[in-house]
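Just so you know, we're using this note's numbering here: the sequence shown kicks off at 33 and counts up by one. Glycine included, each C-beta is placed from N, C-alpha and C at the ideal position. Written out below as structure tokens is the structure these notes cover.
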Amino acid sequence: MRFNNVLLISVSYKDGFYKGGDTPEAGLGYMAQILETNNIEYDVLDMNLGYDVHAVLERIQKFKPDLIGMGMKTFSYKRTYEIIKKIKKQFPDAKILTGGSHLSVYQDAVLKQCKEIDFGVHREGEEVIKDLCLGKPFKNINGLMYRKGGKVIFNPSKPTIINLDEIPFPKYSKFELDKYWYPARYIISSRGCPERCTFCSVSTVLGRWWRARSPENVLEEISYWYERGWKRFEIIDDNFTLHKERAKKICDLIIQRGMKVEMATPNGVRADRVDKELLQKMKDAGWVSVSYGVDGGNNKTLQSIKKGETMEQIDQSIKDAICVGLDVVLFFIICLPEENVEDIEDSFKFALKYPVKDVIFSITMPYPGTELYDEMVKKKMLIDSPKEYMNSIDKKHNVPVIETDKLPVQQQKIMLEKSKAIRSIVRKRYKIKLLRQRYGVPGKILSVLYQSNIVNDDLFERINNTRKRIIHRTESRVPKTVKQ
Numbered sequence: 033m034r035f036n037n038v039l040l041i042s043v044s045y046k047d048g049f050y051k052g053g054d055t056p057e058a059g060l061g062y063m064a065q066i067l068e069t070n071n072i073e074y075d076v077l078d079m080n081l082g083y084d085v086h087a088v089l090e091r092i093q094k095f096k097p098d099l100i101g102m103g104m105k106t107f108s109y110k111r112t113y114e115i116i117k118k119i120k121k122q123f124p125d126a127k128i129l130t131g132g133s134h135l136s137v138y139q140d141a142v143l144k145q146c147k148e149i150d151f152g153v154h155r156e157g158e159e160v161i162k163d164l165c166l167g168k169p170f171k172n173i174n175g176l177m178y179r180k181g182g183k184v185i186f187n188p189s190k191p192t193i194i195n196l197d198e199i200p201f202p203k204y205s206k207f208e209l210d211k212y213w214y215p216a217r218y219i220i221s222s223r224g225c226p227e228r229c230t231f232c233s234v235s236t237v238l239g240r241w242w243r244a245r246s247p248e249n250v251l252e253e254i255s256y257w258y259e260r261g262w263k264r265f266e267i268i269d270d271n272f273t274l275h276k277e278r279a280k281k282i283c284d285l286i287i288q289r290g291m292k293v294e295m296a297t298p299n300g301v302r303a304d305r306v307d308k309e310l311l312q313k314m315k316d317a318g319w320v321s322v323s324y325g326v327d328g329g330n331n332k333t334l335q336s337i338k339k340g341e342t343m344e345q346i347d348q349s350i351k352d353a354i355c356v357g358l359d360v361v362l363f364f365i366i367c368l369p370e371e372n373v374e375d376i377e378d379s380f381k382f383a384l385k386y387p388v389k390d391v392i393f394s395i396t397m398p399y400p401g402t403e404l405y406d407e408m409v410k411k412k413m414l415i416d417s418p419k420e421y422m423n424s425i426d427k428k429h430n431v432p433v434i435e436t437d438k439l440p441v442q443q444q445k446i447m448l449e450k451s452k453a454i455r456s457i458v459r460k461r462y463k464i465k466l467l468r469q470r471y472g473v474p475g476k477i478l479s480v481l482y483q484s485n486i487v488n489d490d491l492f493e494r495i496n497n498t499r500k501r502i503i504h505r506t507e508s509r510v511p512k513t514v515k516q
């Protein structure tokens, strides 16, 4: 059986918390590109751009796909089930393929829960969808789940893709690029992570074996978009700097090409995997910000989550990043199983220690596929059903879902409120610094008014957005030679 017309759908999250067309989904982009490279007809519909289920059904009626591919995330799997059921009700002959993090964790159980799903993909899907569409026998496609004789068949897992350079990077030729509001391109330069953090599911979803694209291949993707007018790039790897020399080489290539870019690593880097030399190269290559997953405020907490680095390493790396002129964002997890109030206070103190751009506190959220989740289930410490808190992220975000003797729910709520106050202090301090740096004497006057609460956040944002629009208009007047 071959599939000649494929519709790829990015499912939006109901109620708005994860809704918004900021950039096209990179994972879906990879699926689209492998189809395009193999001359398989396809179309793309991203529901995050405002398309509802009715629009999905209309697109299916018009395009008439024989295979519909949909990614599935754990925090919205019920929503995806609902859409799949509606599609099957109206188009019973269409075959539905699902993949993504939820399938990698729950595997064939997903097909048993949702009878309307015809195929599932375990872990990386590029080769699986290609083989499926080109007519390779189902039983010979490793990593594929399918139905036969009323049973769900789960083939052996496909070997991890070692040479990522062989996978064509996304060019989003059938995505509605003009409708996304965030002016950046996401780059995935590596996959997997060898670390053992108890709260993270990356090793379950993508494997513990870290694999990376060559620096030259990464630069090829950046160059492709740079030549088309894109200036901001965000590397969204889970462990971009694991191999420091590779990261330095990427920076060197950007510098050698003379590219005037803005770079960032919003998913965070590990403090024990960067040094001052690398941070300086990143700054020279165009990096404007770097994020750190600090996660705890003392070594006791870091050891309890198997972080594999120390507060001393984190402290030094943040100092180095600030020293070379990078904006710094810090991520913390609070109310972890082994924490008490004093431990969380240590996180608050550390968050205030340096003039960073932002600090983001998230309450402990045990996800399937993590050691933390297994421990919480075993010890019966969950106070909410995973099916509930994972499918109500807009309502359950930063709401306690576990309880310990050291941190009752009410105490967790108090610490959450305090974390908001800490973040407000950090962000205000950063905005004052920006006003003084960017706007000269008027900025100094505005900073005093802002510090005194005479100028509010709304006015600050209007000033900053006006500046960005002026820069964008100035850059847009510069003629570009675009390769097609």
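Complete alpha helix (DSSP H) runs within the stretch 314-381 (minimum length 4 residues, chain order)
331-336 and 343-355
Boundaries (first-last residue) of the alpha helix (DSSP H) holding R141
The sequence given here has Ala at residue 141, not Arg. Start and end: A141 to Q145.
Within a Cβ cutoff of 6 Å, which residues of the same chain sit near N174, ignoring the five residues on either side of it in sequence?
N187, P188 and K190
Can you tell me whether DSSP reads R34 as helix, strand or coil?
coil
Range covered by the beta strand (DSSP E) that runs through F151:
F151 to V153
Contact check, I254 vs F265 under 8 Å by CB: the rounded distance?
6 Å
Three or more C-beta pairs closer than 8 Å, one from the stretch 435-447 and one from the stretch 351-367: is that the case here?
yes
Taking only runs that begin and end inside the stretch 394-461, name each unbroken beta strand (DSSP E) of 3 or more residues, in chain order.
none
Residue from F151, S133, G318 and E259 with nearest C-alpha to C232
S133
List the whole-angstrom C-beta distance separating R223 from L196, where the pair is believed to meet the contact cut-off of C-beta under 8 Å.
7 Å
Going straight from the alpha carbon of K281 to that of V322, what length do you get?
18 Å
Less than 8 Å separating the beta-carbons of I268 and P298?
yes
Cut-off 6 Å between Cβ atoms - residues of its own chain near R240, not counting five sequence neighbours on either side:
P226
For the putative contact between V38 and L67, defined by C-beta atoms under 8 Å, what is the C-beta separation to the nearest angstrom?
6 Å
Please give me, in chain order, every unbroken run of the beta strand (DSSP E) with length at least 3 that falls completely inside the stretch 150-229.
151-153, 176-180, 183-186 and 217-219
Could you give the DSSP three-state label for M79: helix, strand or coil?
helix
Along the chain, where does the beta strand (DSSP E) that runs through E294 open and close?
E294 to V301
Would W213 be called buried (16 or more neighbouring beta carbons within 10 Å of its own) or exposed?
exposed
Residues of its chain near F393, where Cβ-Cβ distance is below 7 Å and the 5 sequence neighbours each way are ignored
F364, I366, S451 and R455
DSSP three-state call for L384: helix, strand or coil?
coil
If I'm right that G340 touches D378 with Cβ under 8 Å, what's the distance once you round it to whole angstroms?
Contact doesn't hold; Cβ gap of about 19 Å is too wide.
Where the beta strand (DSSP E) containing M104 begins and where it ends
First-last for M104: undefined, no H or E at that position.
Name the DSSP bridge partner or partners of T55?
None, per the DSSP bridge assignment.
On the three-state DSSP scale, how would you describe Y62?
helix
Kindly give me the distance between the Cβ atoms of L310 and A279, rounded to whole angstroms, as I take these residues to be in contact under 8 Å.
6 Å
Compute the distance between the beta-carbons of L129 and F95, then report whether it is under 8 Å.
no
Out of I415, D78, I149 and Y258, which has the shortest C-alpha to C-alpha gap to L176?
I149
Measuring straight from C-alpha to C-alpha, what distance separates L81 and K211?
7 Å
In this structure, does DSSP put F123 in helix, strand or coil?
coil
Should I185 and G101 be called a contact, given that it needs their Cβ atoms to be closer than 8 Å?
no
Let me make sure I understand the geometry here. Which of G131, C146, Q139 and D140 has the alpha-carbon closest to that of I119?
C146
Residues bridged to I116 by DSSP?
Answer by DSSP bridge pairing: none, since I116 is not bridged.
On the DSSP bridge assignment, give the partners of V391 in chain order.
L362
Which word fits G318, buried or exposed, when buried means at least 16 other C-beta atoms lie within 10 angstroms of its C-beta?
buried
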